[in-house]
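Participant: In this note's numbering, the protein residues as written are 2 to 736.
1. Can you name the residues that DSSP bridges to residue 505?
2. What residues in its chain sit with their C-beta under 7 Å from that of residue 524, if we drop five residues either side in the sequence?
3. Starting from the Cα of residue 188, find the closest Cα among 425, 107, 244 and 621 and give me that residue.
4. Do residue 399 and residue 733 have their C-beta atoms within less than 7 Å of each other?
5. Could you check if residue 735 is buried or exposed, using at least 16 other CB atoms within 10 Å of its CB as the buried criterion?
6. Among the residues of its own chain, which have a CB less than 7 Å from the CB of residue 7, if the five just before and after it don't count?
7. Any idea if residue 85 is buried or exposed, counting beta-carbon neighbours within 10 angstroms, 16 or more meaning buried?
8. How many Å lie between residue 118 and residue 172 at the Cα?
9. What are the partner residues of residue 228, as DSSP defines its beta bridges?
10. Expressed to the nearest angstrom, what Euclidean distance is found between the alpha-carbon atoms of residue 447 and residue 296?
11. With 16 other CB atoms within 10 Å as the buried threshold, where does residue 584 fall?
12. Would the stretch 469–476 count as touching the stretch 448–460 if we require 3 or more Cβ pairs under 8 Å?
13. Is it a yes or a no for the stretch 459–468 touching the stretch 574–581, going by three-plus beta-carbon pairs under 8 Å?
14. Expressed to the nearest angstrom, what Euclidean distance is found between the alpha-carbon atoms of residue 55 and residue 69?
15. DSSP on residue 329, reduced to helix/strand/coil?
16. Just to confirm, are residue 438 and residue 536 a CB contact at a threshold of 7 Å?
17. Grouping DSSP H, G and I as helix and E and B as strand, with all else coil, what is residue 361?
18. Classify residue 3 as helix, strand or coil using the three-state DSSP reduction.
19. Output the distance between the C-alpha atoms of residue 237 and residue 303, rounded to the nearest integer angstrom.
20. Roughly how many angstroms separate the alpha carbons of residue 132 and residue 433, rounded to a whole number?
21. For residue 754, count the other beta carbons within 10 Å of its own beta carbon; 16 or more makes it buried, fewer makes it exposed. Which is it?
22. Which of helix, strand or coil does DSSP assign to residue 708?
23. Please work out which residues of its chain come closer than 6 Å, Cβ to Cβ, to residue 424, disregarding the five sequence neighbours upstream and downstream, and give them in chain order.
24. Note the first and the last residue of the continuous beta strand (DSSP E) segment covering residue 520.
25. If residue 376 sits next to residue 349, beta carbons under 8 Å apart, how far is it from one beta carbon to the other, in whole angstroms?
26. Quick check on residue 271: does DSSP put it in helix, strand or coil?
27. Kindly list the residues whose CB is nearer than 7 Å to the CB of residue 500, restricted to its own chain and excluding five residues on each side of it in sequence; keep chain order.
28. If we ignore side chains and look at the alpha-carbon of each, how far apart do residue 259 and residue 413 end up?
29. Which same chain residues end up closer than 6 Å to residue 508 when comparing Cβ atoms and leaving out the 5 residues on each side of it in sequence?
30. My guess is that residue 372 and residue 699 are in contact by the Cβ rule of under 8 Å, so how many angstroms apart are they, rounded?
31. Compare the Cα-Cα distances from residue 490 to each of 478, 502, 479 and 513 and report the closest residue.
32. Can you tell me whether residue 613 is helix, strand or coil according to DSSP?
33. Span of the beta strand (DSSP E) holding residue 491?
34. Note the first and the last residue of the continuous alpha helix (DSSP H) segment covering residue 682.
35. Kindly say whether residue 516, judged by its beta-carbon, lies nearer than 7 Å to any beta-carbon of chain C.
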């Protein structure tokens, strides 16, 4: 059998139980080998045999549960339109519900005896339920057909029952009056419940929209066109037309279109987004180049070796997709409780109804209906639904003030449980750019001022990646004292120029020695020392005599060492991975106090390293800043991006440190503990409230005290439970 494996977008999922239902129904269908739903990405990975099950049948199965499976390929613009349209419609429904529910609430709670008040409330409540909240009823009905229930079911039953009972009492008030009962209406309960739940859905949808887009941005890095030489003719072609063996020309400043080998020319290529190397890498004939990296200096000719899905960028895209898709839908605590709570509440409402009919066979019908409605209204999971989003919103606001962005409650809970953190070196532990770390002058020099000035002036004219770091160390004077003549730059080697009367040669050891420059004994004794350092060495010669050796390296961030110490004190094991050399990694690990490190690691290797840690039972967080980190960020339990890194790393992560400061990690862990603790408190009290209030609403006190809970009080109690949850969440602002 030839199985087809493909990812399809799904619309309408609002909770992890939705994802679980789709996954279960698809997995049970004949011809489907596997179905994995990604709630955050709003998509499902289906592996099926087209001979046994058609795509139309799969689509119908999902539609039968109340969701929409999109089976045709979407363009980026179509995908954006769908996401924007969904959020716009949800915002409109929420605003409409708020505007209509407010007067209903005021009339119902304070002016319920006003003339025509019931009729006004009924007219205002109808569009809240029939338009703004129609999705609750549609999904509840479709799930009921499959003998399933979720929070939508309870919302639909509670609000629907309260509304229908209110309509009956509005149209036929004499039915209860003739039996000595007041015909109360509960429109405000129906309207307010729908409004609160819609508010939670809207905030959740916004959060999901912000977390999407990593794959699209990765794909956006691909070059659209390339300059190709065929039959001796140079022409620009679409990247999709490029084939293996084509000769491409890449000018300075252009992106490399595909993976291949340099055949002619030399230059420096910035590969930091792919490999994590802190400085651009020199490329010469015979060297490999990677698609989507940037050629900074020099013109190159290359032969194409890999195109399409074979390129390294495409492999990174695939790794991110698989990592995101392989994550099992994590059921939030509220949904786990609701999965048992919803059917229990429905059963209790039915038991309540029939118990009153049995105990009071003559006059029990009105008590039966009142108590059953009270059970559904008071048990409606408004507080349960608000428990997570309110704490999350307050926690996120507080985190933003501290320079930390956390995307969702799942990330917060996972962050709290982290036992090991993996740090990328370049741009995370280190600054990610070369700096002058040491200058060794010729001991025979009596004045270094003229040479220092010449270095700054000449490097200011250079395109070499080290030039900026050299100028930062040797600033260019406001007015140059001497004139620069004969400036010549040899790509990948160094520069030669006259500054005033003296000839200067600045570059690699090989370059200055090939230029017949003498290394005096005062500097020669330091050459072995320089070779052992995890740094690049630039020689400065004046008049064919080397007068200085300058060491440049990627240096540690000022706060990294202290942050690592604090993380270790919290019991978190700290690891460091990098694409850099063993010497550079070893030096950085020693400086920062990191015990575990690995050098020369590929993007796939980083993801594999994290998978290995997770197999040992560790809860792993990954902090990085480059495109090469995105697969590892996606496969980790919590991905943490440095805010000064690439957009793709930020989009792949669940936590973003805006200022790229590792000390913010410690604050993030502590804030996560406080926020998760608040969420669990909210969930406990929301659930505890229902455990206490549902029996009272069912009339358990009636035989002993004659007390029967009025559904109006039940609605007020439900509202109070929501207020208490919000108030508890607001305490996070002072954390």
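Heads up, the beta-carbon is just placed ideally off N, CA and C, and yes, glycines get one too.
Facilitator: From the atom records:
1. 498 and 543
2. 441, 443, 547 and 550
3. 107
4. yes
5. exposed
6. 47
7. exposed
8. 13 Å
9. 237 and 250
10. 41 Å
11. exposed
12. yes
13. no
14. 16 Å
15. Low confidence applies to residue 329: its pLDDT is 30, below 50, so where it sits in the model is not reliable, and the reading given next is rough at best. Residue 329: coil per DSSP, three-state reduction.
16. yes
17. coil
18. coil
19. 15 Å
20. 53 Å
21. Within the shown structure, residues of the chain are numbered from 2 to 736, placing residue 754 beyond reach of any answer.
22. coil
23. 430, 577 and 624
24. Taken as a continuous stretch (DSSP letters only), residue 520 belongs to no beta strand (DSSP E), as it is neither H nor E.
25. 6 Å
26. strand
27. 455, 458, 459, 483 and 485
28. 39 Å
29. 494 and 495
30. 6 Å
31. 513
32. helix
33. 485–491
34. 664–699
35. In summary, chain C is missing from the structure at hand, where a single protein chain is found.
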